[in-house]
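Peer 1: These protein sequences, in sequence, are chains R and F. Using the numbering used here, the first residue of the first sequence is number 1, and each one after it goes up by one. Using the numbering used here, the first residue of the second sequence is number 237, and each one after it goes up by one. What follows is a structure written as structure tokens; I'll ask about it next.
There are 2 protein chains.
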Amino acid sequence: MGSSKTPIYDQVKAFVRQRISQGLWKPGDPVPSESALMHQFGVSRMTVNRALRELVSEGLVRRVQGSGTFVAELSRISSRLEIRDICEEVSERGHLYAARVLKVQKQKATAELGRQLGVRSGAVVFHSLVIHFENGIPILYEDRYVNPAAAPDYLKADFTKVTPTRHLLEHAPLTEASYSIEASLPSAEEARHLKISRSQPCLVVVRRTVSGPRVASLGRLVYPGSRHNFAGKFQA
Amino acid sequence: MGSSKTPIYDQVKAFVRQRISQGLWKPGDPVPSESALMHQFGVSRMTVNRALRELVSEGLVRRVQGSGTFVAELSRISSRLEIRDICEEVSERGHLYAARVLKVQKQKATAELGRQLGVRSGAVVFHSLVIHFENGIPILYEDRYVNPAAAPDYLKADFTKVTPTRHLLEHAPLTEASYSIEASLPSAEEARHLKISRSQPCLVVVRRTVSGPRVASLGRLVYPGSRHNFAGKFQA
DNA sequence: CAGTGGTCTAGACCACCGA
DNA sequence: CGGTGGTCTAGACCACTGG
Numbered sequence: 001m002g003s004s005k006t007p008i009y010d011q012v013k014a015f016v017r018q019r020i021s022q023g024l025w026k027p028g029d030p031v032p033s034e035s036a037l038m039h040q041f042g043v044s045r046m047t048v049n050r051a052l053r054e055l056v057s058e059g060l061v062r063r064v065q066g067s068g069t070f071v072a073e074l075s076r077i078s079s080r081l082e083i084r085d086i087c088e089e090v091s092e093r094g095h096l097y098a099a100r101v102l103k104v105q106k107q108k109a110t111a112e113l114g115r116q117l118g119v120r121s122g123a124v125v126f127h128s129l130v131i132h133f134e135n136g137i138p139i140l141y142e143d144r145y146v147n148p149a150a151a152p153d154y155l156k157a158d159f160t161k162v163t164p165t166r167h168l169l170e171h172a173p174l175t176e177a178s179y180s181i182e183a184s185l186p187s188a189e190e191a192r193h194l195k196i197s198r199s200q201p202c203l204v205v206v207r208r209t210v211s212g213p214r215v216a217s218l219g220r221l222v223y224p225g226s227r228h229n230f231a232g233k234f235q236a
Numbered sequence: 237m238g239s240s241k242t243p244i245y246d247q248v249k250a251f252v253r254q255r256i257s258q259g260l261w262k263p264g265d266p267v268p269s270e271s272a273l274m275h276q277f278g279v280s281r282m283t284v285n286r287a288l289r290e291l292v293s294e295g296l297v298r299r300v301q302g303s304g305t306f307v308a309e310l311s312r313i314s315s316r317l318e319i320r321d322i323c324e325e326v327s328e329r330g331h332l333y334a335a336r337v338l339k340v341q342k343q344k345a346t347a348e349l350g351r352q353l354g355v356r357s358g359a360v361v362f363h364s365l366v367i368h369f370e371n372g373i374p375i376l377y378e379d380r381y382v383n384p385a386a387a388p389d390y391l392k393a394d395f396t397k398v399t400p401t402r403h404l405l406e407h408a409p410l411t412e413a414s415y416s417i418e419a420s421l422p423s424a425e426e427a428r429h430l431k432i433s434r435s436q437p438c439l440v441v442v443r444r445t446v447s448g449p450r451v452a453s454l455g456r457l458v459y460p461g462s463r464h465n466f467a468g469k470f471q472a
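Shown next, in the form of structure tokens:
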């Protein structure tokens with residue numbers, strides 16, 4: 001009854017989740033022990049254990065060995081934020097994607113750049129400058145430095161067909177990435193290529209990707225504020 | 237050997253993770269089946285199963301019933317983004333937090349606001365306007381509308397002691413939240429209270445929180461771009 | 001059909017906590 | 001000490017995929 005196909009561990013999760021989201025169990029309150037839930041649902045311990053473990057990874061409860069399971073402090077709204085390949089994003093909206101390549105070249109690394117890319121100061125690095133368009137409107141200015149050791153064929157790629165992001169994903173398996181999002185005004189050149197005024201604020205994403213043992217690339221992505229935002233969702 | 241305390245499922249995860257991040261197994265490639273890994277590690281199937289299930293939830297592999305397990309397309313860099321209570325954030329940096337309350341009052345909802353909060357147009361809602369300071373410098377302008385049904389005591393709270401976010405978390409258990417981040421210039425009033433120029437771009441987070449059956453609040457958080465950014469990290 | 005993953009059981013041993 | 005969670009096993013049945 002009322003259950004035929006939902007897995008038992010999902011039913012247990014739903015039970016706990018509901019009690020929490022209705023405020024019956026508040027942050028810090030104990031959640032019934034595995035053995036209690038075992039008897040209540042008439043199932044094996046492993047099943048209950050799986051349910052509770054998954055709730056931990058979802059951030060809803062906290063478990064302490066020897067002590068018990070407790071409702072987590074929901075002091076932080078946390079959610080998955082995805083930074084996706086711009087081409088996919090545009091295509092998914094059913095719009096026309098295009099790119100213009102302003103620059104693809106070798107370049108000597110400055111001291112600071114070399115430090116961030118993990119190469120010697122003065123070593124050769126790749127530098128690309130690409131504008132991305134959605135239905136002909138510029139929506140992203142991408143300035144990227146690449147470690148040649150991570151993607152030796154970078155300069156040979158045709159960035160009007162494959163975005164730099166995609167080329168890197170395919171040639172330098174991603175093991176780690178960090179980014180920051182900030183608001184700032186565009187430089188004169190950025191404004192010119194994005195066809196916006198210099199007083200139009202932009203979202204700037206600075207991203208550093210690591211592939212295996214080395215830093216693969218360092219990118220600066222400038223989105224006109226009027227044409228882009230990042231959205232996210234949190235689900236208890 | 238080399239294993240005394242790390243759980244077996246973590247060893248299996250590490251094994252698969254390593255193959256992927258070294259590029260030995262590329263996106264789309266098959267990962268050894270449960271039974272193969274079972275024999276390779278000499279462990280039970282449930283243990284291998286747990287390892288692979290966790291890798292799925294981390295987005296590294298994809299499983300298809302009846303078919304197999306495959307390395308996931310890493311086409312999207314995804315990471316946990318946390319939007320935290322500003323007071324905690326400041327305290328954690330070891331700085332002094334303070335808040336100034338500009339407005340806390342009842343107000344009649346406009347049609348649009350009512351729609352978003354899930355109350356009738358013209359119904360009474362709570363409205364607060366709070367400036368948050370870090371070491372005396374304004375870092376956040378918070379404009380928030382609250383559904384009285386979700387937090388009836390909202391107007392009685394002292395927002396110089398408890399942030400609106402925290403009050404809501406404590407009185408209206410969070411079940412869902414959605415937000416968007418954009419860049420824009422501050423309004424005259426925002427600029428004045430944040431002590432910045434009107435041409436200084438800001439990160440604006442618009443957040444909608446849901447508690448149980450109803451929308452709890454609608455907030456607009458304005459961060460001066462020069463004093464704040466959001467950072468995140470992705471770990472394969 | 002054989003092989004895959006999805007789920008579940010009924011035990012087990014351990015480390016830890018609090019009384 | 002008893003109760004908690006953390007891990008693990010050796011089976012089991014099922015639904016699905018592919019040839």
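All C-beta atoms in this analysis are idealised placements derived from N, C-alpha and C, irrespective of residue type, glycine included.
#1: Which class does R:I8 belong to by DSSP, given the choice of helix, strand or coil?
#2: Distance check for R:D85 and F:F395, CA to CA, integer angstroms please.
#3: Report the residues of the stretch 454-466 of chain F with a CB closer than 7 Å to any CB of chain R, ordered along the chain.
#4: List, in chain order, every chain R residue whose beta-carbon is nearer than 8 Å to that of F:T283.
#5: Using the three-state DSSP reduction, which class does R:V196 fall into: helix, strand or coil?
#6: Please list the segments of the beta strand (DSSP E) lying wholly inside the stretch 399-457 of chain F, counting only runs of 3 or more residues, in order along the chain.
#7: Using the beta-carbon of each residue, which ones in chain R are nearer than 7 Å to F:Q247?
#8: Does any CB atom of chain R fall closer than 7 Å to the CB of F:P243?
#9: Under DSSP, the beta strand (DSSP E) around R:S128 begins and ends at which residues?
#10: With which residues is F:R463 paired in a DSSP beta bridge?
#11: Tell me the DSSP bridge mates of R:K161?
#12: Identify each residue in the stretch 323-357 of chain F for which the Cβ-Cβ distance to at least one residue of chain R is less than 9 Å, and report them in chain order.
#13: Once DSSP output is grouped into helix, strand and coil, what is the label at F:K262?
#14: Starting from the Cα of F:A482, find the closest Cα among F:L439, F:E426 and F:N371 and give me that residue.
#15: Where DSSP assigns a beta bridge to F:F470, which residues make up the other side?
#16: Residues in its own chain within less than 8 Å of R:R100 by CB, not counting five upstream and five downstream?
#17: Buried or exposed: where does F:G238 fall if 16 or more other Cβ atoms within 10 Å of its Cβ makes it buried?
#18: Would the stretch 428-445 of chain F and the stretch 45-65 of chain R be scored as touching if the rule is three or more Cβ pairs under 8 Å?
#19: What residues of chain R sit near F:A419, judged by a beta carbon separation below 7 Å?
#20: Name the DSSP bridge partner or partners of R:V101?
#21: Does DSSP classify F:R289 as helix, strand or coil?
#22: Since F:G302 is in the alpha helix (DSSP H), which residue starts that stretch and which ends it?
#23: Would you report the Cα separation of F:H275 and F:Y245, rounded to the nearest angstrom?
#24: F:L376 touches chain R at which residues, Cβ-Cβ below 9 Å?
#25: Name the chain F residues that come within less than 9 Å of R:I20, Cβ to Cβ?
#26: May I ask you to report which of helix, strand or coil DSSP gives R:R19?
#27: Grab the span of the alpha helix (DSSP H) containing F:R351 for me, first residue to last.
#28: Determine the burial state of F:P409: buried for a count of at least 16 other Cβ atoms within 10 Å of its Cβ, exposed for fewer.
#29: Look at the alpha carbon of F:F306 and the alpha carbon of R:A231, and state the distance between them as a whole number of angstroms.
#30: Taking Cβ positions only, does R:G23 come closer than 7 Å to chain F?
#31: Could you tell me which residues DSSP puts in a beta bridge with F:Y381?
#32: With a threshold of 7 Å between beta-carbons, can F:G448 be considered close to chain R, or not?
#33: Should the stretch 175-189 of chain R be called in touch with the stretch 260-267 of chain F, which here means at least 3 C-beta pairs below 8 Å?
Peer 2: From the atom records:
#1: helix
#2: 41 Å
#3: G461, N465 and F466
#4: The contacting residues do not exist; F:T283 stays about 12 Å from chain R at best.
#5: For clarity, residue 196 of chain R is Ile in the given sequence; the question names Val instead. Correct three-state label for R:I196: coil.
#6: 412-420 and 438-447
#7: Result: empty, since nearest Cβ-Cβ is about 18 Å, beyond 7 Å.
#8: no
#9: V124 to E134
#10: BP columns for F:R463 are empty, so no partner.
#11: Its beta-bridge partners do not exist; DSSP assigns none.
#12: E324
#13: coil
#14: Residue 482 of chain F is absent from the structure shown; chain F starts at 237 and stops at 472.
#15: R:A177
#16: V130, I131, F133 and T160
#17: Confidence is the limiting factor: at F:G238 the pLDDT is only 41, short of 50, which leaves the residue's position unreliable, though a coordinate-based value still follows. The residue is exposed, with fewer than 16 neighbouring Cβ atoms inside 10 Å.
#18: no
#19: A183, P201, C202, L203 and G225
#20: R:V130
#21: helix
#22: First-last for F:G302: undefined, no H or E at that position.
#23: 14 Å
#24: What F:L376 touches in chain R: nothing, since even the nearest Cβ is about 13 Å away.
#25: P409 and T411
#26: helix
#27: A347 to L353
#28: buried
#29: 29 Å
#30: yes
#31: F:H363 and F:L454
#32: yes
#33: no
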